[in-house]
Amino acid sequence: MFDGVAVRYGAGPEVLRGISFTLAPGSFHFLVGPSGAGKSSLLKLIYLGLRPAAGRVELFGRDVSVLRRSDYPGMRRRIGVVFQDFRLIEHLSAMDNVALPLRIAGVRESDIKRHVPELLGWVGLKHHLDALPATLSGGQQQRVAIARAVISRPSLLLADEPTGNVDDNIGVRLMYLFEELNKMGTTVVIATHNEGLVGRFSHRQLRIGNGTVRLTDPNAPNVIASDAAPSDAASPEPGPESGDQRQESA
Amino acid sequence: MLRFRTDLPLDRDSTARFLPWIIGFMVYLAMIAATVALLVEHVTQRWQRDLSGQLTVELPAVAGEDEAARKQRVNEAVEEIIDTNGIIGTRLLDQAEVKRLLSPWLGAQADQLGVTLPDLVAVSLQPGVRPNLSELAERLQAASPGAAIDDHADFNAGAMNFLKTVEVLAVSLLALVLVATAGVVAFVARAGLSIHRRIVEVVHLVGAHDSYIARQFQAQAFRYGFMGAFIGTLLAAATLLSAGVFAARGAAPISAAVRAFEPWMIWPLALIPLAAVLIAMVTVRLAVLQALRRMAY
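Residue numbers (my numbering), protein chains in the order written: chain A, 11 to 260; chain B, 1004 to 1300.
So, in structure tokens, the structure goes:
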């Protein structure tokens, strides 16, 4: 839940201002806007990579401004992030990159060796388990990054331009992966400037521009929330995602 | 050897590559300093024990005294000494021995100088019992005028001060080396954290606690510390063995020190490489945790 949130880097001007919206548990949103509009900054706020200059951010029912440093890892383990630049660890194999969140969470090696190859196979990389990121194409690296983000079945999945480096077929296939996760209860936010991709799916859209965010719903085109709308404007989210079994709001 | 799986490629840091050698050098210096401190302490104690158990009584010759009178005066003085509580033995030094003791001051031909040499009595004291020397001095004056008691206090104090100074210097050097080791290790850890800032950020963002990252640096510190400790111990052992060989060949200043070396001293020395590894690990952990707390994410 965002309430009047603003973002500023250093002493510069506000990149985002007056941002208010709520992501219902199990919802699926596109975060749409041109490059440089602030999509990545908004995602950073959500994955606790940035502190707001003003306003209030609530994550899984907790006000992030009062979180202690030791609370961050627990919160982040419930968030999967696909970074725009992948951020794979160069000296680790695809297998080890994907296994990283599990190892950090203390999952047994036997479970890791069972689940990680399975997921990498699902994203079409079963023959690249031991490959280092530098030896993979951009699209393959992106799929490794996606696998890393979803391996621990996060409550919230954030993806920054996740289909930017893959062809349309794989892009759509990855979107289906995100939808599958969403059906299992994961709240999904996909940041993209690819309007064509957004148009192929009927999910709600958080449109970002001029430092503000407004919500549009393709299923109910008359319901449009302005950037200054109350925080519940984007919530609750009915529809196919309502099968969420998680109780917290993100 | 000693490989751990790590998410951070710490082994590739050029700053860290020299760490085993730096730690090795520090361990070497620390072991040599500790050896010196142990030897000096040991020698000091032994010396103190020996000197505090003895004193010397000087009985000056009396002008115009014949040999029979001299012997009687000396015997009376020795009896006065033996009758004193806390004295368990006396030994009258013969004139040849007195000449030898005085030769550094009077030269080898002391008897040709026409100087009448005093009689010297080496006195053994009962351990833990201090005789009443002023009372003994009074009785000796009656038996042998001009008699003087030398309990070696001045010499003892000067020598002990010197040895204590050497020991304090050695211990200070040891402490300095350990502090310097901690400083170097902390610097390398911070540099590593800075080099791998991006990876650290990713590891944080996928849910790692600071302690998870610190453990990776600790594992590296253990490995490099162990290698350094091994190198340093090897070099120190080689140096001490060489000193032993020189001592066996009669190199005077060394042989005295080496003779003071006792097998039990190996145990405190063996603690130094272990301490170096421990210091490296603890320092790295503290330095990394402190640096991570300053990071924004």
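For every residue, glycine included, the Cβ atom is placed at its ideal position computed from N, Cα and C.
Answer with yes or no whether the minimum CB distance from V1209(B) to chain A is below 8 angstroms. As a working note, residue 1209(B) is residue 206 in the second sequence. Interface residue, yes.
First and last residue of the uninterrupted alpha helix (DSSP H) at G1161(B): Working through the second sequence from its first residue, we reach residue 1161(B) at position 158. Looking at the DSSP string, the run of the alpha helix (DSSP H) that includes G1161(B) is 1156 to 1198.
Taking only beta-carbon atoms, is H101(A) less than 8 angstroms away from chain B? Here residue 101(A) is taken as the residue at index 91 of the first sequence, counted from 1. Chain B contact via Cβ: present.
Could one say the Cβ of R86(A) lies closer than 8 angstroms to chain B's Cβ atoms, at least one of them? Taking the first sequence and counting its residues from 1, one reaches residue 86(A) at position 76. Output row for R86(A): interface = yes.
Roughly how many whole angstroms lie between the Cα atoms of A1290(B) and M1284(B)? Taking the first residue of the second sequence as position 1, residue 1290(B) is located at position 287. Taking the first residue of the second sequence as position 1, residue 1284(B) is located at position 281. Approximately 10 angstroms, taken between the alpha carbons.
In chain order, each alpha helix (DSSP H) run of at least 4 residues that lies wholly inside the stretch 1068 to 1115 of chain B: 1070 to 1085, 1098 to 1109
Pick from I1234(B), R1297(B), L1011(B), T1038(B): whose alpha carbon is nearest that of W1270(B)? Along the second sequence, read from residue 1 onward, the residue named residue 1270(B) stands at position 267. When each option's Cα is compared against that of W1270(B), the closest is T1038(B).
Grab me the residues of I1035(B)'s own chain with a C-beta within less than 7 angstroms of its C-beta, minus the 5 sequence neighbours each way, in chain order. Translated into the one-based positions of the second sequence, residue 1035(B) becomes position 32. Closer than 7 angstroms at Cβ, skipping near neighbours: A1239, T1242.
Per DSSP, the bridge partner or partners of Q215(A): Counting from 1 along the first sequence, the entry for residue 215(A) is found at position 205. Q215(A) is bridged to F40(A), T226(A).
Between the stretch 70 to 95 of chain A and chain B, which residues of the former have CB atoms less than 9 angstroms from a CB of the latter, in chain order? R79, S80, Y82, P83, G84, M85, R86, R87, R88, I89, G90, V91, F93
Scan the stretch 1188 to 1202 of chain B for residues whose Cβ lies nearer than 8 angstroms to a Cβ of chain A and list them as they occur along the chain. R1201, I1202
Is the CB-CB distance between L1013(B) and F1220(B) below 8 angstroms? Numbered from its first residue, the second sequence carries residue 1013(B) at position 10. Numbered from its first residue, the second sequence carries residue 1220(B) at position 217. For L1013(B) and F1220(B), yes; Cβs fall inside 8 angstroms.
Output the distance between the C-alpha atoms of V1101(B) and V1030(B), rounded to the nearest integer angstrom. Translated into the one-based positions of the second sequence, residue 1101(B) becomes position 98. Translated into the one-based positions of the second sequence, residue 1030(B) becomes position 27. For V1101(B) and V1030(B), the distance between alpha carbons rounds to 48 angstroms.
By DSSP, does F1233(B) sit in helix, in strand, or in coil? Translated into positions along the second sequence, residue 1233(B) becomes position 230. The answer is helix: DSSP assigns F1233(B) an H, G or I state.
Answer with buried or exposed for T1168(B), where buried requires no fewer than 16 other C-beta atoms within 10 angstroms of its C-beta. The residue given as residue 1168(B) occupies position 165 in the second sequence. Exposed is the call here.
What residues are listed by DSSP as bridge partners for T202(A)? In the first sequence, the residue the question calls residue 202(A) occupies position 192. Paired residue(s): V42(A).
Which residues, in order along the stretch 103 to 125 of chain A, keep a beta-carbon less than 9 angstroms from a beta-carbon of chain B? D106, L110, P111, R113, I114, A115
Cutting at 6 angstroms between CB atoms, please list the residues of its own chain near M1268(B), excluding the five before and the five after it. Residue numbering aside, residue 1268(B) sits at position 265 when the second sequence is read from its first letter. Within the same chain, M1268(B) has close Cβ partners L1041.
R97(A) classed as buried or exposed, judged by whether at least 16 other C-beta atoms fall within 10 angstroms: Numbered from 1 along the first sequence, position 87 holds the residue referred to as residue 97(A). Buried: at least 16 other Cβ atoms inside 10 Å.
So does the stretch 83 to 99 of chain A actually touch the stretch 164 to 178 of chain A, counting three or more Cβ pairs closer than 8 angstroms? yes
To the nearest angstrom, how far is the alpha carbon of A238(A) from that of G195(A)? Locating residue 238(A) in the first sequence gives position 228, counting from the first residue. Locating residue 195(A) in the first sequence gives position 185, counting from the first residue. Below a pLDDT of 50, predicted positions are generally treated as unreliable, and A238(A), at 36, falls in that range; no measurement from the model is reported.
Simplified DSSP state of Q94(A), which is helix, strand or coil: Here residue 94(A) is taken as the residue at index 84 of the first sequence, counted from 1. Reduced to three states, the DSSP call for Q94(A) is coil.
Counting C-beta neighbours from all protein chains within 10 Å, is the total for K123(A) 16 or more, i.e. buried, or is it exposed? Translated into the one-based positions of the first sequence, residue 123(A) becomes position 113. The residue is exposed, with fewer than 16 neighbouring Cβ atoms inside 10 Å.
Quick check on DSSP: helix, strand or coil for L1136(B)? The count along the second sequence starts at 1 and reaches residue 1136(B) at position 133. Of the three classes helix, strand and coil, the one that applies to L1136(B) here is helix, per DSSP.
Count the other C-beta atoms from every protein chain shown that fall within 10 angstroms of the C-beta of T261(A), then say buried if there are 16 or more, exposed otherwise. Because residue 261(A) is not part of the residues shown, which for chain A are 11 to 260, the question remains open.
Where the beta strand (DSSP E) through G1149(B) begins and ends: Sequence index remark: in the second sequence, residue 1149(B) carries index 146 (1-based). Premise fails: G1149(B) is in no beta strand (DSSP E) and is neither H nor E.
Should A1146(B) and E1079(B) be called a contact, given that it needs their Cβ atoms to be closer than 8 angstroms? Along the second sequence, read from residue 1 onward, the residue named residue 1146(B) stands at position 143. Along the second sequence, read from residue 1 onward, the residue named residue 1079(B) stands at position 76. Contact: yes.
Counting Cβ pairs closer than 8 angstroms, one from the stretch 36 to 55 of chain A and one from the stretch 214 to 228 of chain A, do we hit at least three? yes
Can you find a C-beta in chain A that's less than 8 angstroms from the C-beta of R1296(B)? For the purposes of this step, residue 1296(B) is taken as the residue at position 293 of the second sequence. Chain A, which has a Cβ nearer than 8 angstroms to the Cβ of R1296(B), makes this yes.
Is the beta carbon of Q1098(B) sitting closer than 8 angstroms to the one on L1128(B)? Looking up residue 1098(B) in the second sequence gives position 95. Looking up residue 1128(B) in the second sequence gives position 125. Not a contact, by the Cβ cut-off of 8 angstroms.
What distance in whole Å lies between the Cβ atoms of L1095(B) and V1077(B), which are believed to be in contact at a cut-off of 8 angstroms? Against the second sequence, residue 1077(B) aligns to sequence position 74. Against the second sequence, residue 1095(B) aligns to sequence position 92. The pair is a contact, with the Cβ atoms about 7 angstroms apart (cut-off 8 angstroms).
Measuring only between beta-carbons, confirm whether L1212(B) sits less than 8 angstroms from chain A. For the purposes of this step, residue 1212(B) is taken as the residue at position 209 of the second sequence. One detail in the question is off: residue 1212(B) reads as His in this sequence, not Leu. It does; some Cβ of chain A falls within 8 angstroms.
Rounded to the nearest angstrom, what separates D81(A) and S1214(B) at their Cα positions? Mapped onto the first sequence, residue 81(A) falls at position 71. Mapped onto the second sequence, residue 1214(B) falls at position 211. Going by the C-alpha atoms only, they are around 13 angstroms apart.
State yes or no: is the C-beta of G1235(B) within less than 8 angstroms of the C-beta of P1276(B)? Residue 1235(B) sits at position 232 when you count from the first residue of the second sequence. Residue 1276(B) sits at position 273 when you count from the first residue of the second sequence. In contact: G1235(B) and P1276(B) (Cβ atoms closer than 8 angstroms).
Quick one: grab the DSSP three-state call for S1055(B). Within the second sequence, residue 1055(B) is the residue found at index 52, counting from 1. Note: S1055(B) maps to helix in three-state DSSP.
Are there 16 or more other CB atoms within 10 angstroms of the CB of V233(A), so buried, or fewer, so exposed? For the purposes of this step, residue 233(A) is identified with residue 223 of the first sequence, where counting begins at 1. At V233(A), the pLDDT of 45 sits below 50, so the modelled position is not reliable and the matter cannot be decided from this model.
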